[in-house]
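Down below is the structure, laid out as structure tokens.
Number of protein chains: 2
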Amino acid sequence: MDQASSEKTALRRGGGVAVWRQIETDIEVDIQTGLYGPGDRLPSEHELVGLYGVNRHTVRMALAKLAERGIVTAHKGRGVFVAGEPFEYRLDRNAKWSEVEKRFDARPSGRLVDSYRRPSTARLSRMLGLGEGVELLVTESVRTAGADLATYGYHMFDAARFTGIEQSFAECGSFTQALARHGTAEFFRASTWIDCRMPRPREAAALGIPVDAPVLVMTYLDCDATRRPILLGHAIIPQGRLRFRIDSDIDPA
Amino acid sequence: MDQASSEKTALRRGGGVAVWRQIETDIEVDIQTGLYGPGDRLPSEHELVGLYGVNRHTVRMALAKLAERGIVTAHKGRGVFVAGEPFEYRLDRNAKWSEVEKRFDARPSGRLVDSYRRPSTARLSRMLGLGEGVELLVTESVRTAGADLATYGYHMFDAARFTGIEQSFAECGSFTQALARHGTAEFFRASTWIDCRMPRPREAAALGIPVDAPVLVMTYLDCDATRRPILLGHAIIPQGRLRFRIDSDIDPA
DNA sequence: ACGTATTTGTTCGTATGTATC
DNA sequence: GGATACATACGAACAAATACG
Chain U
1 MDQASSEKTA LRRGGGVAVW RQIETDIEVD IQTGLYGPGD RLPSEHELVG
51 LYGVNRHTVR MALAKLAERG IVTAHKGRGV FVAGEPFEYR LDRNAKWSEV
101 EKRFDARPSG RLVDSYRRPS TARLSRMLGL GEGVELLVTE SVRTAGADLA
151 TYGYHMFDAA RFTGIEQSFA ECGSFTQALA RHGTAEFFRA STWIDCRMPR
201 PREAAALGIP VDAPVLVMTY LDCDATRRPI LLGHAIIPQG RLRFRIDSDI
251 DPA
Chain Y
254 MDQASSEKTA LRRGGGVAVW RQIETDIEVD IQTGLYGPGD RLPSEHELVG
304 LYGVNRHTVR MALAKLAERG IVTAHKGRGV FVAGEPFEYR LDRNAKWSEV
354 EKRFDARPSG RLVDSYRRPS TARLSRMLGL GEGVELLVTE SVRTAGADLA
404 TYGYHMFDAA RFTGIEQSFA ECGSFTQALA RHGTAEFFRA STWIDCRMPR
454 PREAAALGIP VDAPVLVMTY LDCDATRRPI LLGHAIIPQG RLRFRIDSDI
504 DPA
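Taken in order, these protein sequences are the chains called U and Y. Numbering of the first sequence is given in this note's numbering, commencing with residue 1 and proceeding in unit increments. Numbering of the second sequence is given in this note's numbering, commencing with residue 254 and proceeding in unit increments.
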């Protein structure tokens with residue numbers, strides 16, 4: 001209707017964004033907005049060539065990138081299909097990775113990548129309820145669940161209170177269990193912040209994702225039953241197979 | 254500690270990601286994780302050159318990109334400073350854009366970009382509590398608040414129930430007010446999903462953001478007081494000046 | 001069982017622009 | 001600024017798996 005042939009959307013050539021990338025985003029939007037649902041077959045490469053008015057290679061590049069993130073799966077002779085419903089990570093007071101593992105009947109999978117100490121800042125100390133200048137213990141770890149879910153995590157603890165928790169985590173593969181060993185049998189999610197950015201190379205490598213695909217960043221404060229802060233976490237989460245969900249408990253009137 | 258000089262992090266050269274982009278992400282991580290807080294001065298360009306072992310142009314490119322997204326601000330002769338606390342968009346049952354405008358003492362700012370009808374799908378109909386094959390009314394709009402907050406929105410309505418709501422919105426600039434005109438005085442957030450992706454060119458243009466910076470995607474279902482679904486929304490939100498916040502109402506025991 | 005059309009996968013080649021050094 | 005490596009985009013052909021009458 002707009003221009004020449006039967007083009008779907010206006011592609012901007014020479015505008016700094018590769019055409020295949022625009023098509024990749026466009027199809028991703030159509031999936032996110034529900035035009036194509038889980039399990040649906042996408043238009044064939046030939047049809048997409050007609051829709052966008054580009055070479056087949058260009059369409060294939062877009063599809064390959066979507067497949068790389070697990071958003072679609074291609075089957076020779078049949079077509080390209082939208083992947084199943086992405087995993088929904090519910091953000092409530094019981095949000096923790098061990099709960100995700102439970103949903104997959106998976107064992108604790110944490111692998112310690114690095115750990116180090118650094119002096120705290122005023123902000124971090126305030127959030128963790130500590131004095132200024134206290135030393136923080138920081139861990140970097142990778143945790144998985146199921147076939148294609150993984151997160152890269154940064155965890156910050158009061159180094160004095162949780163001395164040696166990095167070893168405990170390295171041994172048992174779970175912060176829930178490691179915290180239990182250090183005297184905190186129960187803890188709960190107090191606050192969560194959601195943001196996004198591009199991944200660091202080491203994060204992308206550890207998560208097995210392309211370096212040019214964005215990641216979700218969940219920052220969170222976990223507290224014990226007495227509301228005393230336990231840890232400040234940053235979870236780096238590949239985009240595509242997981243999304244966050246927040247339900248408002250609608251109590252009428 | 255790791256390698257030769259005093260390099261901060263391992264930079265991967267020739268790995269498909271420009272060096273300035275890695276530095277950009279690295280500084281962004283340091284801000285997100287609290288190493289640099291709001292208002293803090295970043296290390297000088299000269300210091301960063303030493304930290305990363307690169308040319309000053311490379312550092313300047315990284316800082317320019319951060320400034321473009323409003324994450325830092327450069328002051329000639331003084332230094333580069335971390336921007337103030339990003340706006341926190343709280344996700345509770347009162348989450349709506351008009352609440353954000355209230356926080357900024359801003360007037361309704363919605364501008365209708367496009368509107369069209371399309372047949373619903375099984376999934377969308379289920380979410381909106383409609384019959385299959387019903388026609389949806391879709392609007393695309395831009396809404397702002399304050400100096401540097403903007404969102405690009407897709408809204409889906411039951412076309413039969415909310416006929417003409419695109420005109421109402423175009424006139425008053427607010428869906429809250431437009432819905433009131435169409436008989437829905439109150440509505441509430443029922444469920445929210447958070448994801449991210451790269452922006453479409455038209456989204457980036459409307460929001461005034463670079464095309465190579467990721468955006469947050471908030472999908473949400475708003476219902477009226479009787480829990481009847483009203484609309485399904487997709488808000489495209491530039492990354493950098495806004496983040497989502499979810500608080501668990503911790504009722505002990 | 002067979003043949004044909006469809007669809008994805010692979011491999012050549014060619015040209016152009018852009019980023020990086 | 002010049003040179004080189006890389007990414008982008010297009011074109012043509014063929015191979016392999018699948019669906020269908």
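All C-beta atoms in this analysis are idealised placements derived from N, C-alpha and C, irrespective of residue type, glycine included.
Closest residue to residue i among the options (Cα-Cα distance)
{"i": "Ser394(Y)", "options": "Glu388(Y), Glu385(Y), Ala400(Y) and Thr404(Y)", "result": "Thr404(Y)"}
{"i": "Ala375(Y)", "options": "Ser174(U), Gly34(U) and Asp195(U)", "result": "Gly34(U)"}
{"i": "Ser115(U)", "options": "Leu124(U), Gly153(U) and Leu51(U)", "result": "Gly153(U)"}
{"i": "Tyr342(Y)", "options": "Ala398(Y), Ala320(Y) and Pro361(Y)", "result": "Ala398(Y)"}
{"i": "Gly292(Y)", "options": "His328(Y), Arg309(Y) and His299(Y)", "result": "His328(Y)"}
{"i": "Leu42(U)", "options": "Ile27(U), Ala10(U) and Tyr52(U)", "result": "Ile27(U)"}
{"i": "Gly77(U)", "options": "Ala205(U), Asp249(U), Arg118(U) and Glu45(U)", "result": "Glu45(U)"}
{"i": "Leu485(Y)", "options": "Val464(Y), Arg455(Y), Phe415(Y) and Val307(Y)", "result": "Phe415(Y)"}
{"i": "Arg371(Y)", "options": "Val333(Y), Leu264(Y) and Ala413(Y)", "result": "Ala413(Y)"}
{"i": "Ala235(U)", "options": "Met156(U), His182(U), Met127(U) and Thr226(U)", "result": "Met156(U)"}
{"i": "Pro201(U)", "options": "Ala213(U), Ser191(U), Ala190(U) and Thr192(U)", "result": "Ala213(U)"}
{"i": "Ala225(U)", "options": "Pro210(U), Ala180(U) and Ile209(U)", "result": "Ala180(U)"}
{"i": "Tyr305(Y)", "options": "Gly332(Y), Leu264(Y) and Ile284(Y)", "result": "Leu264(Y)"}
{"i": "Gly461(Y)", "options": "Ala400(Y), Pro482(Y) and Phe441(Y)", "result": "Ala400(Y)"}
{"i": "Leu124(U)", "options": "Asp475(Y), Gln285(Y) and Cys476(Y)", "result": "Gln285(Y)"}
{"i": "Arg189(U)", "options": "Pro229(U), Arg143(U), Cys172(U) and Gly84(U)", "result": "Pro229(U)"}
{"i": "Cys223(U)", "options": "Ala204(U), Thr184(U) and Val72(U)", "result": "Thr184(U)"}
Terminal residues of the alpha helix (DSSP H) in which residue i lies
{"i": "Ser98(U)", "result": "Trp97 to Arg103"}
{"i": "Met127(U)", "result": "Ala122 to Leu128"}
{"i": "Leu422(Y)", "result": "The sequence given here places Phe at residue 422(Y); Leu does not occur at that position. Element bounds for Phe422(Y): Ile418 to Cys425."}
{"i": "Arg274(Y)", "result": "Val272 to Gln285"}
{"i": "Pro201(U)", "result": "Pro201 to Leu207"}
{"i": "Arg56(U)", "result": "Arg56 to Glu68"}
Proximity below 9 Å, CB of residue i to CB of residue j
{"i": "Gln430(Y)", "j": "Val468(Y)", "result": "no"}
{"i": "Ile23(U)", "j": "Val82(U)", "result": "no"}
{"i": "Ile194(U)", "j": "Met218(U)", "result": "yes"}
{"i": "Arg21(U)", "j": "Ala62(U)", "result": "yes"}
{"i": "Ser253(Y)", "j": "Leu365(Y)", "result": "Because residue 253(Y) is not part of the residues shown, which for chain Y are 254 to 506, the question remains open."}
{"i": "Thr192(U)", "j": "Leu130(U)", "result": "no"}
{"i": "Arg450(Y)", "j": "Gly323(Y)", "result": "no"}
{"i": "Tyr220(U)", "j": "Ala106(U)", "result": "no"}
Straight-line gap, residue i to residue j (C-alpha atoms, nearest Å)
{"i": "Pro339(Y)", "j": "Val29(U)", "result": "26 Å"}
{"i": "Asp2(U)", "j": "Arg13(U)", "result": "Residue placement at Asp2(U) is flagged as unreliable, the pLDDT there being 38, under the threshold of 50; the coordinate-derived value follows with that caveat. Between Asp2(U) and Arg13(U), the C-alpha separation is close to 17 Å."}
{"i": "Ser109(U)", "j": "Ser98(U)", "result": "9 Å"}
{"i": "Lys318(Y)", "j": "Glu186(U)", "result": "42 Å"}
{"i": "Val307(Y)", "j": "Thr278(Y)", "result": "15 Å"}
{"i": "Asp502(Y)", "j": "Arg480(Y)", "result": "22 Å"}
{"i": "Arg93(U)", "j": "Val49(U)", "result": "47 Å"}
{"i": "Ser427(Y)", "j": "Arg243(U)", "result": "28 Å"}
{"i": "Ile490(Y)", "j": "Leu402(Y)", "result": "8 Å"}
{"i": "Leu136(U)", "j": "Phe169(U)", "result": "16 Å"}
{"i": "Pro505(Y)", "j": "Tyr36(U)", "result": "With a pLDDT of only 44 at Pro505(Y), under the threshold of 50, the placement of this residue in the model should not be trusted, and no figure is reported."}
{"i": "Val272(Y)", "j": "Ala18(U)", "result": "20 Å"}
{"i": "Pro210(U)", "j": "Glu101(U)", "result": "24 Å"}
{"i": "Gly417(Y)", "j": "Asp411(Y)", "result": "11 Å"}
{"i": "Gly386(Y)", "j": "Phe357(Y)", "result": "41 Å"}
{"i": "Glu419(Y)", "j": "Thr392(Y)", "result": "7 Å"}
{"i": "Arg143(U)", "j": "Arg56(U)", "result": "38 Å"}
{"i": "Thr73(U)", "j": "Glu47(U)", "result": "17 Å"}
{"i": "Glu456(Y)", "j": "His182(U)", "result": "49 Å"}
{"i": "Val80(U)", "j": "Lys8(U)", "result": "19 Å"}
{"i": "Cys172(U)", "j": "Glu424(Y)", "result": "60 Å"}
Range covered by the beta strand (DSSP E) that runs through residue i
{"i": "Gly303(Y)", "result": "From DSSP, Gly303(Y) is part of no beta strand (DSSP E) but of the alpha helix (DSSP H) over Glu298 to Tyr305."}
{"i": "Phe175(U)", "result": "Here Phe175(U) belongs to no beta strand (DSSP E); instead the alpha helix (DSSP H) covers Phe175 to Arg181."}
{"i": "Arg255(U)", "result": "Since the first and last residues shown for chain U are 1 and 253, residue 255(U) lies out of range."}
{"i": "Arg241(U)", "result": "Looking at the DSSP string, Arg241(U) is not in any beta strand (DSSP E), and its letter there is neither H nor E."}
{"i": "Ala398(Y)", "result": "Glu388 to Ala398"}
{"i": "Leu288(Y)", "result": "First-last for Leu288(Y): undefined, no H or E at that position."}
{"i": "Arg197(Y)", "result": "The structure shown has nothing for residue 197(Y), since chain Y only spans 254 to 506."}
{"i": "Asp224(U)", "result": "Val215 to Asp224"}
{"i": "Ala443(Y)", "result": "Phe440 to Arg450"}
{"i": "Val72(U)", "result": "Val72 to His75"}
{"i": "Phe334(Y)", "result": "Gly332 to Val335"}
Heavy atom of the ligand SAH within 8 Å of residue i beta-carbon
{"i": "Thr151(U)", "result": "As for the ligand SAH, it is missing from this structure, which has no ligand bound."}
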